[in-house]
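Step one of this worksheet: look at the structure below.
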Amino acid sequence: MEIVRVTAVILLIAALTQGQDADFDDKTCGFQLAPLEGLIKNGFQSRPGEWPWHVALFHRTPSGDDFDYQCGGTLVHKFLVLTAAHCVTLRSSRKPKPRGDILVKVGRFNIAEQQEEQGWDHEVEQVLPHREYKPLSFENDIAILKLKVPVIMTPYVQPICLWKRDDGIVLPNVYGSIGTVVGWGLTENDTVASTLNQAMMPVVSIHDCLESDRNFFGRLLNARSYCAGFKNGTGVCNGDSGGGMYFKHMRQWYLKGLVSFSNVVDSRKICNLKQYVGFTDAAQYLEWIYETAPINANEDPVLGHPNIRLINQRDCGTNEYIFGYSEDRKPVIQQYLWMAALRHPFQNHEYVPCNGALINKNYILTTNCVDFDDEISVTLGDYNTGEVRDCAPRNDNDYFCSSPVQLTTVAEFFRKDRLILVRLSIPAVIGRREHIQAICLPITPEQRNRRYPKYVLTGWKESGSDSQLLQRAVVDLIAQKACLEEMANQTYATAEEKNITKSIICVRNVADTTRSPQCEDYQAGTVLQAIEKQSNRYFLHGLQTGISYCSQPERFIAIGEYMEWILDNIRPVSSARTHSIRSMPPPVAAVSLQTMDFFFCCARKFGKPYVVVFLFRQLRPSMRTAFALLQWHTRTCQLKKPIDNARTLPTQGNAYAIGCRPQLFLFLRSEFNHVGRTAV
């Protein structure tokens, strides 16, 4: 008879060492804190927040570009999840899955929803199956997942208590007692449940379990497993794997077992709900848990920072190519989606004094390269700062164009040394269609301290025939000692420039020093990045501090040294700042009925008057596109005369609603399933 794998959820607790973390205190675990409103095959739907320690494990799909739900797990510490070993190992093997192929989702209730307000995704740092796990007999079917970043505790995310008490209270014998199992497994219709379900079931004696099917359970039951369930169709099924069995003692919940194995009903390998289910007895593995995943009481200040959740480390720095693919063979346009150009008016035209990098939808990082008391605008998604829209050849007969750029301004900024953290007045719209994405940040100690032999830098130049185009270069690391010695001999270097510390990364193009960034006249704030092999993502490691002499190594601020300061100063910003345009009165616009082009401009005092010109062009009957060009002028705005039949654009109906607001210029096409933004 075949066995269907039902992943057992195991609760993992941190090491019981001197200075034990408060998250393992019996007084703080196992409480249901969320407000509950209202009420698995033949079970009952739970309520959001009712089981705040239950997590969903997603595995990377064969295509490699997505994750699918596979198992459950149990949060026992802000860094640790317990689950069944067969959920996190290769099929019929003790070898753990690559950590990058497992994604842990906490605080989830409906896994069919892409995002939930209370849910968060976490990457895995270590996959730790029991060293004596036997995949054929499910012996020692237990594993620990150590998270890369600690979870933030909320009423919807809480650790459960392990099956132990430090105060001498003895937990009751559970045989014959009713426990609760939760999961997103198959429903009575043999479909995966989208919302979290729960079922209550008793722990049965070994005698009763063997009597029910001696041939099956006789081969799998051992001293550290047990049976539970009814034989009436109520139980756990495929997809409930890894879920824990929970018992309430007084006011707190404890983890007893992990769903591990069950019988199958037919050749479809669907679980047999007329039989009991096998659980790993997690209560007997406490010593192994403590030894395998000790938690350092001296928590890393970055990983333990409450604002770490504001950094999306899963959807950042995407590299569309296989790891190791030559950087020089990649196109520059639409490749480095986090690049930001900071602009301000200068002598009747717009000047780009520095570069920056988008780190989340609300913030960019740059260096001390501009006076932020001036009128500063920020452009995202740009490639050619001199063109209204960026286009590049796809082949000899075709070309592709990027989405319109996003324009916004600086709301406030924070400075430490030469590093500047800028909060945007309007959050960026991040997405592949918009060609805007944040770059990943080095948050783990290994990421912060690592130095790569080669880096990729991207930015716009100070001058030259190609200064309007985003540039890229591959550069070599200069060791700190060598850089310090070289800078000490530089006649024109300042004392600050000669002070090469751990917070500075030195680079140059060793093969051709004339192609080094300081010789190419890159703007301050140029981004220094490297691709992490494990995740195949770009990580921000440095920002250029200024313009150097060609004979000097180029110096970059090491972002890893400032991560705690960055997290101290970022904060969530309400999306309500992105205003609806429909309530805005439309400005006067000119429309040419022959060409379907129209022009639009707003004039507003903001230090100096400026003009925004929108050019809309009809591509085909069902689609229009738009370009926006922000220009600075010392004169007032002059509306371009219409070619024919000028009219005012409507604000209602299936047409256009266009408006001007301080620091915000948007267009909306309500008659199509598309919203275009030129500034967000």
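In terms of the working numbering, the sequence shown has 528 at position 528, counting the first letter as 1, and numbering is strictly consecutive.
Here a beta-carbon is modelled for each residue, glycine too, at the ideal position from N, C-alpha and C.
Determine the direct distance from the alpha carbon of Lys95 to that of Arg432, and round the result to whole angstroms.
Arg432 and Lys95: Cα-Cα distance of roughly 35 Å.
Would DSSP call Asp68 helix, strand or coil?
Asp68: strand per DSSP, three-state reduction.
Beta-carbon within less than 8 Å of His122's beta-carbon, same chain only, minus the 5 sequence neighbours each way: which residues are those?
Cβ neighbours of His122 beyond the five flanking positions: Leu103, Val104, Lys105, Val106, Leu147, Lys148, Val149, Val151.
Judging by CA-CA distance, which residue of Gln118, Ala143, Glu50, Lys481 is the nearest neighbour of Val507?
Of the candidates Gln118, Ala143, Glu50, Lys481, the one whose C-alpha sits nearest the C-alpha of Val507 is Lys481.
Between the Cα of Thr61 and the Cα atoms of Asp300, Lys97, Thr154, which residue gives the shortest distance?
Taking only the C-alpha atoms, the option nearest Thr61 is Lys97.
Considering Pro202, what are the terminal residues of the alpha helix (DSSP H) in which it resides?
Where Pro202 is concerned, there is no enclosing alpha helix (DSSP H), although the beta strand (DSSP E) it sits in stretches over 197-204.
Quick check: the segment 307-320 against the segment 405-418, are at least 3 beta-carbon pairs closer than 8 Å?
With the cut-off at 8 Å, the segment 405-418 and the segment 307-320 do not touch.
Would you mind working out which of Leu419, Gln490, Pro445 sits nearest Gly542, comparing C-alpha positions?
Taking only the C-alpha atoms, the option nearest Gly542 is Leu419.
CB-CB under 8 Å to Leu477, same chain, minus the five flanking residues each way: which ones, in chain order?
Hits under 8 Å: Arg451, Tyr452, Pro453, Lys454, Tyr455, Ile505, Cys506, Val507.
Closest by CA to Leu693, which one among Asp466, Lys256, Asn362?
Since the first and last residues shown for the chain are 1 and 680, residue 693 lies out of range.
Taking Gln552 and Ala524 to be in contact with their CB atoms under 8 Å, please state how far apart those CB atoms are, rounded to whole angstroms.
Not a contact, Cβ separation roughly 15 Å.
Fully enclosed by the segment 422-489, which beta strand (DSSP E) runs are 3 residues long or longer?
The segment 422-489 contains these whole beta strand (DSSP E) runs: 454-459, 471-478.
Nearest CA to the CA of Asn384: which residue from Glu462, Glu125, Asp466?
It is Asp466.
Would Pro427 and Val259 qualify as a contact pair, given that the criterion is a beta-carbon distance under 8 Å?
Contact: no.
For Phe323, tell me which candidate among Leu196, Val55, Ile531, Trp338 has the shortest Cα-Cα distance.
Comparing Cα-Cα distances from Phe323 to each of Leu196, Val55, Ile531, Trp338, the minimum goes to Ile531.
Spatial neighbours of Gly30 within its chain, please: CB distance less than 7 Å, with the 5 preceding and 5 following residues excluded, ordered by chain position.
So the qualifying residues of the chain are Ile160, Cys161, Gln252, Trp253, Tyr254.
Output the distance between the C-alpha atoms of Arg91 and Phe279, rounded to the nearest integer angstrom.
Computed Cα separation, rounded: 19 Å.
Starting from Gly542, trace the beta strand (DSSP E) in both directions and tell me its first and last residue.
Start and end: 537-544.
Alpha carbon to alpha carbon, how far is Met245 from Glu327?
Looking at the two C-alpha atoms, the distance is approximately 50 Å.
Using a Cβ-Cβ distance cut-off of 8 Å, determine whether Ala511 contacts chain D.
In the displayed structure, chain D is absent; only one protein chain is listed.
Exposed or buried, which one is Pro331 when buried takes at least 16 other CB atoms within 10 Å?
So Pro331 ends up on the exposed side.
Which residues in the same chain as Phe44 place their Cβ atom closer than 8 Å to its Cβ, once the five residues preceding and following it in sequence are excluded?
So the list reads Asn197, Gln198, Ala199, once near-sequence residues are dropped.
Over the uninterrupted beta strand (DSSP E) stretch that includes Glu123, give me the two end residues.
It spans 120-129 - the beta strand (DSSP E) in which Glu123 sits, taken as one unbroken run.
Ordered along the chain, which non-local residues of its own chain (more than five positions away) have a Cβ less than 6 Å from that of Ser405?
Residue identity check: residue 405 is Val in the sequence provided, not Ser. Closer than 6 Å at the Cβ level, and outside the excluded window around Val405, lie Thr379, Gly381, Asp382.
Apart from the five residues on each side of it in sequence, which residues of its chain come closer than 7 Å, Cβ to Cβ, to Ile430?
Counting only Cβ-Cβ distances below 7 Å, and skipping sequence neighbours, we find Lys361, Ile436, Gln437, Ala438.
With a Cβ-Cβ cutoff of 8 Å, do Asp141 and His59 count as a contact?
No; because the gap between Cβ atoms is not below 8 Å, this pair is not in contact.
To the nearest angstrom, how far is it from the Cα of Thr634 to the Cα of Glu375?
Note that Thr634 scores a pLDDT of 29, beneath 50, so its modelled location is shaky and nothing firm can be said.
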